[in-house]
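Heads up: take any position in the sequence shown, counting from 1, add 526, and you land on my numbering. The beta-carbon is built from N, C-alpha and C at its ideal position, and this holds for glycine as well. These numbers were taken from a predicted model, which means no experiment stands behind them. For reference, the structure is listed below as structure tokens.
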Amino acid sequence: MTQDLAAVIAWPRLRSPRLLPDAFVPTRFSTAADKAKFGNDLLAFISEGFPKSRFWSALEKLVQT
């Protein structure tokens, strides 16, 4: 059942067009490029159906910065 749900959720069009740094305001915590990368990574994660294998690696990267 989990695989069926992932197939329904998967939506490749979430990945295009990519988010660009120009759309974000840099802060002392994150650059505009960091924000765009996070947004693109999040949309890719969602579009692939929330794969468990990618969740922790993305979360660890976010926490480490």
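Span of the alpha helix (DSSP H), counted from its first residue to its last, around Leu-568: 558–573
With a cut-off of 8 Å on the beta carbons, I'd call Phe-550 and Lys-561 a contact; round off their distance for me. 4 Å
Taking the alpha carbon of Ala-559 as the reference point, which residue from Phe-581, Pro-543, Asp-548 has its own alpha carbon closest? Asp-548
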